[in-house]
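Residue numbers (my numbering): 1401 to 1749.
Have a look at the structure below before the remarks.
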Amino acid sequence: MSKYCYGWFLPRLDAVTGNPWSRYPVRYEGAPKIIPMPIQKTQKIWHNGNLIPWEQATIHVMSHVVHYGSSVFEGIRCYAQPHGSAVFRLPEHMQRLLDSAKIYRMELPFTLDELCAAVVDLIEANGVAPCYIRPIALRGYGEIGVNPKGSPVEIYMANFPWGKYVAGHGGADVCVSSWNRLAPNTMPALAKAGANYMNSQLIRMEADVNGYSEGIALDVNGLVSEGSGENIFIVRNGVLYTPPLANSALSGITRDSVLTIARHLGFTVIEQSMPRELLYIADEVFFTGTAAEVSPIRSIDRVVVGDGKTGEITQKIADEFFGIANGLKPDRFGWLTPVNVTASEPVSA
Ligand code: PMP
């Protein structure tokens, strides 16, 4: 079969979404958009204040988190610098971890400074950079009931190499998901909680089986929310738009970085609710996230975004973002925490 297919020849591909736009006659690459993501083991994992061997960082199957999803976590990147390495927006990530824990009445016995210092210690102990850092606070082995208070809070942090997250050279081919994002006052979207990612998994798997790199979720009112693990921006007539947090979007640190960079570059940025169809008529669309970084979107439901190439404004913002993250442009916003590890090559290269 040819590498390229036409959407209308394969209508059953979108039987899951039932999405009428999937028949829009746009040529696309038929291959599944999946990047394998094996975990690359390192030497040490940080656990409640101590560095322990990777193999010993295990939990009991009867831990509260296994049954009830009671965890909050972070995803952070450490970038190669011309000299050494640096963690991108470390205090902001750790503050969000503390905030997520607070929402779930989870008391973390470490201060913001202690958590930040732990990340630096861990990266230096493993000597692995550039890398992705995954701190997680969870309810461990204690009681079986839903009430988590009788189960101890444990914190682990691991770091490991991790490259590109959203598949697609020259832009990702994505869909609008048939799954909505979390409704307000059900699962708190501002908490980066493990349980939220059951919803994200549905969005991501549906995208995968239909041959897309990622799914964009609408909120319960049908307004654009975010990707399964990314915030979303559109550009129309030179103005940037992103949904406000009230549309069930996570308060992404990369989202905040892009808002800051865009305003600094002189662009108008508006946080505004967006109807789904604005996605189809945008000039440029891109995802932001720690794993996704700044990822241009090439098509949505097979409708080509703009002229199908990475947009000028997306490119300017990406250049600034990667320039600062990789220490090639001045750290004018104070976003980098240096780490004493010589990095071999940039993660995002
Ligand atoms: N939304 C969701 C659902 C996410 O999982 C992420 C990744 N943490 C983001 C947005 C982007 O957040 P950040 O830029 O802080 O990584």
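Where is the CB? At the ideal position from N, CA and C, for every residue including glycine.
Task: At least 3 beta-carbon pairs within less than 8 angstroms: the segment 1685 to 1697 vs the segment 1644 to 1657 - done: Judged by pairs of C-beta atoms under 8 angstroms, the segment 1685 to 1697 touches the segment 1644 to 1657, as three or more such pairs exist.
Open item on the list: Please tell me whether Arg1636 and Ala1682 are closer than 8 angstroms, where the distance is taken between their beta carbons.
Closed with: The criterion of a C-beta distance shorter than 8 angstroms is satisfied by Arg1636 and Ala1682.
TODO: Along the beta strand (DSSP E) that carries Ser1695, what are the first and last residues, could you check?
DONE: Annotation for Ser1695: the continuous beta strand (DSSP E) segment containing it runs 1693 to 1700.
TODO: Reducing DSSP to helix, strand and coil, say where His1483 ends up.
DONE: Note: His1483 maps to coil in three-state DSSP.
Open item on the list: I need the DSSP call for Ser1657, collapsed to helix, strand or coil.
Closed with: Reduced to three states, the DSSP call for Ser1657 is helix.
TODO: Determine the direct distance from the alpha carbon of Ala1537 to that of Leu1515, and round the result to whole angstroms.
DONE: Straight-line spacing of the CA atoms in Leu1515 and Ala1537 works out to 11 angstroms.
- [ ] Give the single residue among Asn1585, Arg1581, Ala1646 whose Cα lies nearest to the Cα of Gln1672.
- [x] Of the listed residues, the one whose Cα sits closest to Gln1672 is Ala1646.
- [ ] Give me the Cα-Cα distance between Val1546 and Tyr1468, rounded to the nearest whole angstrom.
- [x] Distance between the alpha carbons of Val1546 and Tyr1468 is about 7 angstroms.
TODO: Flag this pair as touching only if the segment 1486 to 1501 and the segment 1516 to 1529 have three or more C-beta atom pairs under 8 angstroms; answer yes or no.
DONE: With the cut-off at 8 angstroms, the segment 1486 to 1501 and the segment 1516 to 1529 touch.
Open item on the list: I believe Val1528 touches Asn1559 by the beta-carbon criterion, under 8 angstroms. Please report the beta-carbon distance rounded to the nearest angstrom.
Closed with: Contact flag correct, Cβ pair sits at about 6 angstroms.
- [ ] Please classify Ala1431: does DSSP put it in a helix, a strand, or coil?
- [x] With a pLDDT of 49 at Ala1431, under the threshold of 50, the modelled position of that residue is not reliable, and the figure given next carries that caveat. DSSP, read as helix, strand or coil, puts Ala1431 in coil.
Task: Sequence-distant residues of its chain with Cβ nearer than 6 angstroms to His1460 (five each side left out) - done: So the list reads Tyr1541, once near-sequence residues are dropped.
Open item on the list: Distance check for Ser1600 and Gln1715, CA to CA, integer angstroms please.
Closed with: Spanning the two alpha carbons is a distance of roughly 27 angstroms.
TODO: Would you check if the distance between the CB atom of Val1685 and the CB atom of Ile1634 is smaller than 8 angstroms?
DONE: Yes. Within cutoff.
Task: Under 8 angstroms between C-beta atoms of Pro1509 and Cys1531 - done: Against a cut-off of 8 angstroms, the Cβ pair of Cys1531 and Pro1509 comes out as no contact.
Open item on the list: Whole angstroms are fine: how far does the CA of Asn1631 sit from the CA of Arg1702?
Closed with: Cα to Cα, Arg1702 sits roughly 20 angstroms from Asn1631.
TODO: Could you give the DSSP three-state label for Lys1592: helix, strand or coil?
DONE: Coil, per DSSP.
Open item on the list: One question on the structure: do Arg1581 and Ala1617 come within less than 8 angstroms of each other, judged by their Cβ atoms?
Closed with: With respect to the 8 angstroms criterion, Arg1581 and Ala1617 are classified as neighbours on the basis of their beta carbons.
- [ ] Look up Glu1507 in the DSSP assignment and say whether it is helix, strand or coil.
- [x] Reduced to three states, the DSSP call for Glu1507 is coil.
Open item on the list: Below 8 angstroms on the Cβ atoms is my contact criterion, and I expect Pro1588 with Ser1470 to pass it. Report the Cβ-Cβ distance as a whole number of Å.
Closed with: Between Pro1588 and Ser1470 the beta-carbon gap is near 13 angstroms, outside 8 angstroms, which marks them as no contact.
TODO: Answer yes or no: do Phe1722 and Val1658 have a C-beta to C-beta separation smaller than 8 angstroms?
DONE: Pairing Phe1722 with Val1658 gives a Cβ-Cβ distance that is not under 8 angstroms.
Task: Cβ pair Asn1526, Lys1592 closer than 8 angstroms - done: Not a contact, by the Cβ cut-off of 8 angstroms.
Open item on the list: Does the distance between the C-beta of Gly1629 and the nearest non-hydrogen atom of the ligand PMP fall short of 7 angstroms?
Closed with: Checking every heavy atom of the ligand PMP against the Cβ of Gly1629, one is found closer than 7 angstroms.
Task: Contacts around Lys1441, its chain only, beta-carbon distance under 6 angstroms, and the 5 residues preceding and following it disregarded - done: Setting aside the 5 residues that flank it on each side, Lys1441 is surrounded in the same chain by Trp1454, each with a C-beta closer than 6 angstroms to its C-beta; the list follows chain order.
Task: Ala1537 (DSSP reduced to helix, strand or coil) - done: Ala1537: strand per DSSP, three-state reduction.
Open item on the list: Only counting the same chain, and skipping five residues up and downstream in sequence, which positions put a Cβ closer than 7 angstroms to that of Val1620?
Closed with: The beta carbon of Val1620 sits closer than 7 angstroms to those of Asn1580, Ala1583, all from its chain and outside the five residues before and after it, given in chain order.
Task: Proximity to Ser1500 [Cα-Cα], best of Glu1712, Thr1710, Gly1594 - done: The candidate whose alpha carbon is nearest that of Ser1500 is Gly1594.
Task: Contact check, Met1674 vs Pro1696, beta carbons under 8 angstroms - done: Not closer than 8 angstroms, so no.
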